[in-house]
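Here the numbering used here = 1-based position in the sequence shown + 216. Virtual Cβ for every residue (Gly too), placed ideally from N, Cα, C. One structure is given here, and the rest of the page talks about it.
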Amino acid sequence: MTAGALLAGALLSSLPRPARAEQGSAAQASESARRLLDEAYARKAARDARGAAAALEAARAAGADAQLVALELGYLASQQGDIEEARRRFEEAGRGPDEALARKAQAELRLLPQRLSADLYAETYGWSRVLGAAQQSDLVPTLRARGFFRPSFSLDLGLYAYAQVTRDLASGRGAGGVPLVYADNYALAGLGAMLRLWDRRIGLFVQAGPALNLLDDGRERVAFDARGGAFFGAETGGCAPGGAGVSWTFVPCAELYAEAVFVSRFDDNVIAFARPRLSATYLVTGPLAWQVVAEGRAAADTNGDFFNNFVDAGAGPRLRLLRPLRLDLALGVHAGSYLGLEGRDPAPRQLGYVDLRLQAATYVEF
């Protein structure tokens, strides 16, 4: 071989070779990342959150899409209740180049708890007593608004300011100017704190502030109102059936609400109340669910006021608006009895009763 040929061979050997080795290495890395992602999804399905997170981090190190990994880590953190970590991961995914993944991350961010929030509850409850004790009719509207501040995402504790007003239509003055009071006709305002537990099914709260008497009934216009207690609320998945158009269906639903509350303004009374409900949707027309409902109610208190100690049950139709907010309109026939206890007010001579009832209620969170 000539010296020129040797020199040419040396020069050729020093030049970069075709990228077969690099391509093979990239393919191996891609395959490794895919296997690790598959492992992460399998561990997530098996509820192994720690193992899934480790596999996702390893997949990112092996070359998996960093934006996708951030989104999946956000889902994991959200499922584990780690709101701070979920927010960090979704924000990271929301800044990525893939617009579809970014939109998913931004949608998840909007669903996470916020530092500042508010809620609004509005209800109108009416009845006409057709048989039994203290026959009368009344309509009682109530409006409550609260604004919340959440100091930490690691604990579902909210500090809040509230305003609430109730004023029924039947209360006033009777014969001889004697006050007739059938509801708690006060406007309330103040500050409180609420701790939510078990995916917000349980709440513990305390609140206090002034209460303004809306009736001219001889009592002081302004009183102090402090209250605190616990409540429980849960419902099954069929209570808000989805769907579009018009369809006949049968979707059962079970609901339970219970509370026990101390109220200083009611002579330091503690009032307990429970209301189980069973219902079924039989027709869906767009955003409206047509339902039949059966419910029971029971209450008891420590002061022995007759109106706070009763049991009753009833049934009737309920129309539930599902979108854009939930609004219930229910009618029913209910029968029950007071338990015969007497506090300040004497119990009626006839304890049993039959009511026709109407309730319209909505609850909105912001």
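Practice task
Could you tell me how far apart the beta carbons of G552 and A529 are, in whole angstroms, since I believe they sit closer than 8 Å?
Solution key: Counting from 1 along the sequence shown, the entry for residue 552 is found at position 336. Counting from 1 along the sequence shown, the entry for residue 529 is found at position 313. Indeed they touch by this definition, with Cβ atoms about 7 Å apart.
Exercise for the section: Mark F466 as exposed unless 16 or more other C-beta atoms lie within 10 angstroms of its C-beta, in which case mark it buried. Expected result: Walking along the sequence shown from the start, residue 466 turns up at place 250. Exposed, since its Cβ has fewer than 16 Cβ neighbours within 10 Å.
Handout entry: DSSP state of F440 mapped onto helix, strand, coil
Key = Your numbering for residue 440 matches position 224 in the sequence shown. Three-state result, F440: strand.
Handout entry: DSSP three-state assignment for Q239, whether helix, strand or coil
Key = Sequence index remark: in the sequence shown, residue 239 carries index 23 (1-based). A caution first: Q239 carries a pLDDT of 46, below 50, which makes its placement in the model unreliable, though a value can still be read off. Collapsing the DSSP output to three states places Q239 in a helix.
Problem - Neighbourhood of A386 by C-beta distance below 6 Å, restricted to the same chain and skipping five residues each side - result: What you label residue 386 is simply residue 170 of the sequence shown in a count that begins at 1. Hits under 6 Å: D354 and Y398.
Problem - Element boundaries [alpha helix (DSSP H), containing G310] - result: Counted from its first residue, the sequence shown places residue 310 at position 94. In the DSSP assignment, G310 falls within the alpha helix (DSSP H) that extends over I299 to G310.
Handout entry: Spatial distance of D314 from G297 (CA atoms)
Key = Residue 314 sits at position 98 when you count from the first residue of the sequence shown. Residue 297 sits at position 81 when you count from the first residue of the sequence shown. If I take the Cα positions, the gap works out to 26 Å.
Problem - Same chain, Cβ closer than 7 Å to L317, neighbours up to 5 away in sequence not counted - result: The sequence position of residue 317 within the sequence shown is 101, counting from 1. Taken in chain order, the residues that qualify are Q283, L284, L287 and A309.
Practice task
Would you mind sorting R276 into buried or exposed? The rule is 16 or more other CB atoms within 10 Å of its CB.
Solution key: Taking the sequence shown and counting its residues from 1, one reaches residue 276 at position 60. Its Cβ being crowded by 16 or more others within 10 Å, R276 is buried.
Handout entry: Cutoff 7 Å; reference G602; Cβ partners in own chain excluding five residues on either side
Key = Residue 602 falls outside the range modelled here, since the chain spans only 217 to 582, and no answer is possible.
Problem - Neighbourhood of G512 by C-beta, 6 Å cutoff - its chain only, sequence neighbours within 5 removed - result: Counting from one through the sequence shown, the residue named residue 512 turns up at place 296. The residues are P492 and A529.
Problem - Paired residues, beta bridge with L373 - DSSP - result: One-based indexing of the sequence shown puts residue 373 at position 157. Beta-bridge pairing links L373 to L411.
Handout entry: Beta-carbon separation (whole angstroms), R360 vs Y341, contact threshold 8 Å
Key = The residue given as residue 360 occupies position 144 in the sequence shown. The residue given as residue 341 occupies position 125 in the sequence shown. Contact flag wrong, Cβ pair sits at about 13 Å.
Exercise for the section: Following the continuous beta strand (DSSP E) through S463, name the residue where it begins and the one where it ends. Expected result: Residue numbering aside, residue 463 sits at position 247 when the sequence shown is read from its first letter. It spans V462 to V479 - the beta strand (DSSP E) in which S463 sits, taken as one unbroken run.
Problem - DSSP three-state assignment for D335, whether helix, strand or coil - result: Residue numbering aside, residue 335 sits at position 119 when the sequence shown is read from its first letter. D335: strand per DSSP, three-state reduction.
Practice task
Kindly list the residues whose CB is nearer than 6 Å to the CB of L325, restricted to its own chain and excluding five residues on each side of it in sequence; keep chain order.
Solution key: Against the sequence shown, residue 325 aligns to sequence position 109. So the qualifying residues of the chain are F306.
Problem - F582, buried or exposed, once every other Cβ within 10 Å from all chains shown has been counted against 16 - result: Along the sequence shown, one-based indexing puts residue 582 at 366. Exposed, by the Cβ-count rule.
Problem - Start and end residues, alpha helix (DSSP H) containing E315 - result: The count along the sequence shown starts at 1 and reaches residue 315 at position 99. Taken as a continuous stretch (DSSP letters only), the alpha helix (DSSP H) holding E315 covers E315 to L327.
Practice task
Report yes or no: do three or more beta-carbon pairs, one from the region 264 to 279 and one from the region 244 to 256, lie closer than 8 Å?
Solution key: Judged by Cβ distances under 8 Å, the region 264 to 279 makes contact with the region 244 to 256, as three or more pairs qualify.
Practice task
Assess, as a yes-or-no matter, whether the region 401 to 411 is touched by the region 447 to 461 under the definition of 3 or more beta carbon pairs within less than 8 Å.
Solution key: no
Exercise for the section: Excluding the 5 residues preceding and the 5 following I299 in the sequence, name in chain order all residues of the same chain whose CB lies nearer than 7 Å to its CB. Expected result: Position 83 of the sequence shown, counted from the start, is the residue given in the question as residue 299. Closer than 7 Å at Cβ, skipping near neighbours: L328, P329 and F369.
Practice task
From the DSSP output, in three-state form, read off L541 for me.
Solution key: Along the sequence shown, one-based indexing puts residue 541 at 325. It is coil, neither helix nor strand.
Problem - Residue from G445, F489, G267 and L396 with nearest C-alpha to A424 - result: Here residue 424 is taken as the residue at index 208 of the sequence shown, counted from 1. That would be G445, whose Cα lies nearest to the Cα of A424.
Practice task
Put F526 into one of helix, strand or coil per three-state DSSP.
Solution key: Indexing the sequence shown from 1 puts residue 526 at position 310. Of the three classes helix, strand and coil, the one that applies to F526 here is strand, per DSSP.
Handout entry: Cutoff 6 Å; reference L545; Cβ partners in own chain excluding five residues on either side
Key = Taking the sequence shown and counting its residues from 1, the one referred to as residue 545 is at position 329. Cβ contact annotation for L545 (same chain, cutoff 6 Å, sequence separation greater than five): L535 and A576, in chain order.
Problem - Length of the line joining the Cα atoms of I487 and F478 - result: Taking the sequence shown and counting its residues from 1, one reaches residue 487 at position 271. Taking the sequence shown and counting its residues from 1, one reaches residue 478 at position 262. A direct Cα-Cα distance of roughly 7 Å separates I487 from F478.
Practice task
Look up Y569 in the DSSP assignment and say whether it is helix, strand or coil.
Solution key: Position 353 of the sequence shown, counted from the start, is the residue given in the question as residue 569. Y569 falls in the strand class under three-state DSSP.
Practice task
Would you mind sorting A460 into buried or exposed? The rule is 16 or more other CB atoms within 10 Å of its CB.
Solution key: As a first step, residue 460 must be located in the sequence shown, where it is residue number 244. So A460 counts as exposed.
Handout entry: Under 9 Å between C-beta atoms of A334 and R362
Key = Position 118 of the sequence shown holds residue 334. Position 146 of the sequence shown holds residue 362. It is a contact, given that the beta carbons lie within the stated cut-off.
Handout entry: CB of Y378 within 9 Å of CB of L404, strictly
Key = For the purposes of this step, residue 378 is identified with residue 162 of the sequence shown, where counting begins at 1. For the purposes of this step, residue 404 is identified with residue 188 of the sequence shown, where counting begins at 1. Their beta carbons are under 9 Å apart, which means Y378 touches L404 by this criterion.
Handout entry: Buried versus exposed call for Q295 [16 or more other C-beta atoms within 10 Å across all chains shown]
Key = Start at 1 with the first residue of the sequence shown, and residue 295 comes out as number 79. Counting Cβ neighbours within 10 Å, Q295 comes out exposed, since fewer than 16 surround it.
Exercise for the section: Helix, strand or coil for E273, going by three-state DSSP, please let me know. Expected result: Your numbering for residue 273 matches position 57 in the sequence shown. E273 falls in the helix class under three-state DSSP.
Exercise for the section: Determine, using beta carbons only, whether A514 and R481 come nearer to each other than 9 Å. Expected result: Taking the first residue of the sequence shown as position 1, residue 514 is located at position 298. Taking the first residue of the sequence shown as position 1, residue 481 is located at position 265. It is not a contact, given that the beta carbons lie outside the stated cut-off.
Practice task
To the nearest angstrom, report how far apart L371 and W506 are at their CA atoms.
Solution key: Taking the sequence shown and counting its residues from 1, the one referred to as residue 371 is at position 155. Taking the sequence shown and counting its residues from 1, the one referred to as residue 506 is at position 290. Going from the Cα of L371 to the Cα of W506 covers about 38 Å.
Handout entry: Boundaries of the beta strand (DSSP E) in which A505 is found, first to last residue
Key = Within the sequence shown, numbered from 1, the residue matching residue 505 stands at position 289. Per DSSP, A505 belongs to the beta strand (DSSP E) from L504 to D517.
Problem - Candidates S246, L332 and R345: closest to G374 by CA position - result: If you number the sequence shown from 1, residue 374 lands on position 158. Checking every option, the nearest Cα to that of G374 belongs to L332.
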